[in-house]
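*Asks:*
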Amino acid sequence: AVDLDLILRDLELKLFDEGRKEFFSIFMKNVPRVKVELAIIRERTVAKQGYDSFLEPVVHTRASEIMDEVVTDDMKERSQRLIDVAAEMLVSQGVAKRSDDRGIRSLRARLTDSFHNGRIHGYASALELFYERR
Numbered sequence: 010a011v012d013l014d015l016i017l018r019d020l021e022l023k024l025f026d027e028g029r030k031e032f033f034s035i036f037m038k039n040v041p042r043v044k045v046e047l048a049i050i051r052e053r054t055v056a057k058q059g060y061d062s063f064l065e066p067v068v069h070t071r072a073s074e075i076m077d078e079v080v081t082d083d084m085k086e087r088s089q090r091l092i093d094v095a096a097e098m099l100v101s102q103g104v105a106k107r108s109d110d111r112g113i114r115s116l117r118a119r120l121t122d123s124f125h126n127g128r129i130h131g132y133a134s135a136l137e138l139f140y141e142r143r
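No gaps in the numbering here: position 128 of the sequence shown is 137 in this note's numbering, and each next residue is one more.
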């Protein structure tokens, strides 16, 4: 028997990784932007807790704030194509029935969230490489 949850988790991880690699590569190509982002994060972290550290909630909030600025139309189209293919694969494997619109919307939302969370992680990973505690 095929474990449908395993198939879904596997595709979620693949989409997460695609989003992570995409955002990581963008920021690794733009070190001056990374330094600007680190300054913003450092300022917000010190204001929040009184000392400098790589505070994940602050980093994730900042990543969400700049997402629309960084994501191009081509990137949106690419992620949509990946989500479309993943959703179709999952429907063909029986994770959701083709006639279950609500189930398919829920499935697509999970896949979209995975890709989005991967982008946030890619942002955090790129910044963490350059982070130096002061």
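The C-beta atom is built at its ideal place from N, Cα and C for all residues, glycine as well. In this text, all values refer to a predicted model and were calculated from it rather than measured experimentally.
1) Among the residues of its own chain, which have a CB less than 7 angstroms from the CB of residue 31, if the five just before and after it don't count?
2) For residue 35, which of 21, 139, 135 and 140 has the nearest alpha-carbon?
3) Indicate the three-state DSSP secondary structure (helix, strand or coil) for residue 58 in the structure shown.
4) Look at the alpha carbon of residue 123 and the alpha carbon of residue 90, and state the distance between them as a whole number of angstroms.
5) Is residue 85 helix, strand or coil by DSSP?
6) Cα-Cα, which of 58, 96 and 69 is closest to residue 114?
7) From 101, 107, 92 and 143, pick the residue whose C-alpha is nearest to that of residue 22; which is it?
8) If you run the structure through DSSP and keep just helix, strand and coil, what is residue 141?
9) Closest by CA to residue 29, which one among 121, 55, 48 and 107?
*Replies:* Checking against the coordinates, here is how it stands:
1) Within the same chain, Cβ atoms closer than 7 angstroms to the Cβ of residue 31 are found at 84, 128 and 131, the five residues on either side in sequence being excluded.
2) Comparing C-alpha distances from residue 35 to each of 21, 139, 135 and 140 shows the shortest one belongs to 135.
3) In this structure, residue 58 counts as helix in the three-state DSSP scheme.
4) Answer to the nearest angstrom: the Cα atoms are 14 angstroms apart.
5) Reduced to three states, the DSSP call for residue 85 is helix.
6) Nearest option by C-alpha distance: 96.
7) Minimum Cα distance to residue 22 is reached at 92.
8) Secondary structure at residue 141: coil, using DSSP grouped into helix, strand and coil.
9) Measuring from the Cα of residue 29, the nearest candidate turns out to be 121.
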